[in-house]
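For the sequence shown, the residue numbers in the numbering used here are 67 to 272.
Right, one structure below, let's go through it.
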Amino acid sequence: MFSFFEALSTEFKLWWIPVILLAYALGNISPSILIARAAGIDIRKEGSGNAGTTNVLRVMGNKAAAATLVIDVLKGVVAVLIGKLAGGMVLGALCALAVFCGHIWPAAFGFKGGKGIATGLGILLTLDWRIGLCCLGVAVLCFVTVQRVSVGSLLATLALPFLAWYFCPQILPIMILMAVIVWVKHRANIKRILKGEEPKFSFKKK
Numbered sequence: 067m068f069s070f071f072e073a074l075s076t077e078f079k080l081w082w083i084p085v086i087l088l089a090y091a092l093g094n095i096s097p098s099i100l101i102a103r104a105a106g107i108d109i110r111k112e113g114s115g116n117a118g119t120t121n122v123l124r125v126m127g128n129k130a131a132a133a134t135l136v137i138d139v140l141k142g143v144v145a146v147l148i149g150k151l152a153g154g155m156v157l158g159a160l161c162a163l164a165v166f167c168g169h170i171w172p173a174a175f176g177f178k179g180g181k182g183i184a185t186g187l188g189i190l191l192t193l194d195w196r197i198g199l200c201c202l203g204v205a206v207l208c209f210v211t212v213q214r215v216s217v218g219s220l221l222a223t224l225a226l227p228f229l230a231w232y233f234c235p236q237i238l239p240i241m242i243l244m245a246v247i248v249w250v251k252h253r254a255n256i257k258r259i260l261k262g263e264e265p266k267f268s269f270k271k272k
């Protein structure tokens, strides 16, 4: 875990700051909010109130949800790629956290965004594809078993720190922080799961 902080202390450059801010700005690109707004809807006031793919699917249908998913994943990919190419794994990890926070707390939309799952997938696949694929596998397996997106997301992020420790210990602190944020953002889902009230996933044609 300390290898990240050691690397940060020796590698950090002032020019990293605008790169990290750029990653945060990329996170502010919220397709769920923008697509819904184009249709005269505030997605944060509909359905579950979350500005994410699952809620867009429930409220607006498959096409809008697919567009939301692709863009949210891609912004995670792009932000991490910029960081890794510009300054290596440490800057890549910082850009990962920045775009993740930009998605969840977008300044452009009153700091009320999504829960970070799709963007997190793009981040993980780009930081270390092995971690990303393992988390995706856990999420898909859980979804197929219980048909609840939130359960898959929570279990995948629960596995995330262990996968990071095994495959890429250098980014472990960032992965732990991201996992904690996801669980905090899913606290309402957790309450519903414990009460047996979490709705099952279903496709909506539109």
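Backbone N, C-alpha and C fix where the C-beta goes; we use that ideal spot for every residue, glycine too.
Note that the coordinates shown come from a computational prediction; the quantities given were computed from them, not determined experimentally.
Ranked by how close their Cα comes to the Cα of G262, the residues I99, F228, I242, R214 have R214 in first place. Exclusion of the five residues before and after A225 leaves V204 as the residues of its chain whose Cβ lies within less than 6 Å of its Cβ.
For the options A173, E264, P239, A245, the alpha carbon positioned closest to that of L74 is the one of P239. In the structure shown, K79 falls within a coil segment according to DSSP collapsed to helix, strand and coil. Rounded to whole angstroms, the Cβ separation of H169 and S219 is 14 Å, and the two are not in contact under 8 Å. Between G179 and P172, the CB-CB gap stays under 8 Å. H169: member of the alpha helix (DSSP H) spanning 155 to 170, first to last residue.
Cβ-Cβ distances below 7 Å link R258 to E264 in the same chain, with the five nearest sequence neighbours on each side left out; the list follows chain order. Measuring C-alpha to C-alpha distances from L202 to each of V210, F175, L157, A222 identifies A222 as the nearest. For the pair of segments examined, the stretch 185 to 201 was found not to touch the stretch 94 to 111: the number of CB pairs separated by less than 8 Å stays below three.
Bounds of the alpha helix (DSSP H) holding A230 are 215 to 233. Nearest Cα to R196 within the set C167, F209, P227: P227. Secondary structure of I107 (DSSP, three-state): coil. For E72, the three-state secondary structure derived from DSSP is helix. Following the DSSP letters along the chain, one finds N255 inside the alpha helix (DSSP H) bounded by residues 253 to 261. Taking C-beta atoms as the reference points, K150 and G142 fail to come closer than 8 Å. Beta-carbon to beta-carbon, S98 and V122 are separated by about 5 Å, close enough to satisfy the 8 Å threshold. Linking L160 to I86 through their CA atoms gives a straight-line distance of about 7 Å.
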